[in-house]
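Protein chains in written order, with our numbering: chain U, 1 to 113; chain C, 1001 to 1157. We treat Cβ as the ideally placed atom computed from N, Cα and C, and that holds for glycine. Step one of this worksheet: look at the structure below.
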Amino acid sequence: MANALLRDSLLVSNLEIVPGRRVRTHLGLVQGSTVRSKHVGRDLLAGLKNIVGGELKGYTELMQEAREEATQRMMAQATSIGANAVLNVRYQATSITMGAAEILAYGTAVVLE
Amino acid sequence: MESIQWLIFLALLALGYFVGRWNERAHFKSIREREAKYAKVLAFAVRYPPDVVTPQECRLVSGSVVISSDYFKQCVAGLRTLGGGRLSSYESLLDRARREATLRMKEQAQRFGSTLIVNVKVETTTVSGGARKGLPAMEVMAYGTALKSAAPRAPAP
């Protein structure tokens, strides 16, 4: 619920400009990141799935959850410094060790008119 | 003892070949169907939105998929790297993943009510998959900004 409210009040986009609106203040870089890993059961299932190939749904979910979390953290940071939009958002994913990945979301916090 | 190992290897190979092939075919079929369905949602890699007169509402949309190769493909690719050249078994794997990710992004855009996505970026990461090391599992993510016309404003007095 709180997430939905946050999302409504804050505009997140990977464009550098917002059509029809002007940037009033530029607040600098904001970022959010998270490191996630899978539990063993899912890992084993993924190992089995590797024999026949195809989508590893558990991992897809993991990455999506992690990305959502990273975005939320970035948005929280943007809200705390008084921004109402984050522009030019980018995502980056790095695998750290086996079964663990870091997801980073970063962008420019701005105040739109 | 050795013959049992060979048997397991061959069984995995056969399983990978038949089930993997069937999976891939089914996936490509579903991709083609959905590509036709979402043909109206346009995705561009341009950095700036087209000049539009109406104010736009925008939202970040994304789609991602983690995909892994089957045992047969791994073995073929392993042999192939000895001589070098195209690893077509992995090419089709990544093609599937990219198209799937793009489709999921388009699906999200359509749910938002948009038919235009700009500044699309596609990113690929290796997910070190599973209990055994070195299993090729790739994550592909596509993201961009979906635009739609905002509700018409009251005309200025």
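When C-beta atoms of the segment 1026-1045 of chain C are compared with those of the segment 1104-1120 of chain C, three or more pairs fall below 8 Å, so the two segments count as touching. Exclusion of the five residues before and after residue 95(U) leaves 101 as the residues of its chain whose Cβ lies within less than 6 Å of its Cβ.
Excluding five sequence positions before and after residue 21(U), the CB atoms of its chain that fall closer than 7 Å to its own CB belong to 112, 113, given in chain order. In this structure, residue 1118(C) places its C-beta atom within 8 Å of the C-beta atom of residue 15(U). In this structure, residue 71(U) lies near residue 105(U), with their beta-carbon atoms less than 8 Å apart. Take the alpha-carbon of residue 49(U) and the one of residue 83(U): they are about 44 Å apart. For residue 1108(C), no CB of chain U lies under 8 Å from its own CB, so it is not counted at the interface with that chain. Interface with chain U (8 Å Cβ-Cβ cutoff): residue 1058(C) is included.
Going by DSSP, residue 1139(C) is part of the beta strand (DSSP E) stretching over 1137-1149. Separation of residue 1031(C) and residue 1142(C) (C-alpha to C-alpha, rounded to the nearest whole angstrom) is 15 Å.
Counting of Cβ neighbours within 10 angstroms places residue 18(U) among the buried residues, the total reaching 16 or more.
Note that the segment 1015-1030 of chain C touches the segment 1069-1078 of chain C; at least 3 beta-carbon pairs, one per stretch, sit closer than 8 Å. Collapsing the DSSP output to three states places residue 83(U) in coil. Under the three-state reduction of DSSP, residue 57(U) is assigned to helix. Under the three-state reduction of DSSP output, residue 14(U) falls in the coil class, being neither helix nor strand.
Listed in chain order, the positions of the segment 1067-1097 of chain C with a beta carbon within less than 7 Å of a beta carbon of chain U are 1067, 1068, 1069, 1070, 1071, 1073. Looking at the backbone, the Cα of residue 1002(C) and that of residue 1082(C) are separated by about 25 Å. Per DSSP, residue 1106(C) lies in no beta strand (DSSP E); the unbroken alpha helix (DSSP H) holding it starts and ends at 1088-1112. Pairing residue 86(U) with residue 58(U) gives a Cβ-Cβ distance that is not under 8 Å. Residue 101(U) belongs to the set of residues whose beta carbon lies under 8 Å from a beta carbon in chain C. It is roughly 17 Å from the alpha-carbon of residue 1064(C) to the alpha-carbon of residue 1044(C). Look at residue 28(U) here: in three-state DSSP terms it is strand. Taking the Cα positions, residue 1106(C) is about 19 Å away from residue 65(U). Scanning chain C for C-beta atoms nearer than 8 Å to the C-beta of residue 13(U) yields 1058, 1059, 1060, 1145, reported in chain order. The Cβ atoms of residue 90(U) and residue 32(U) lie no closer than 8 Å to each other.
Within the model, the alpha-carbon separation for residue 1047(C) versus residue 1146(C) is close to 13 Å.
Taking C-beta atoms under 8 Å as the contact rule, residue 1089(C) and residue 1076(C) qualify, at a distance of about 5 Å.
Residue contact with chain C for residue 95(U): present (Cβ-Cβ distance below 8 Å to some residue of chain C).
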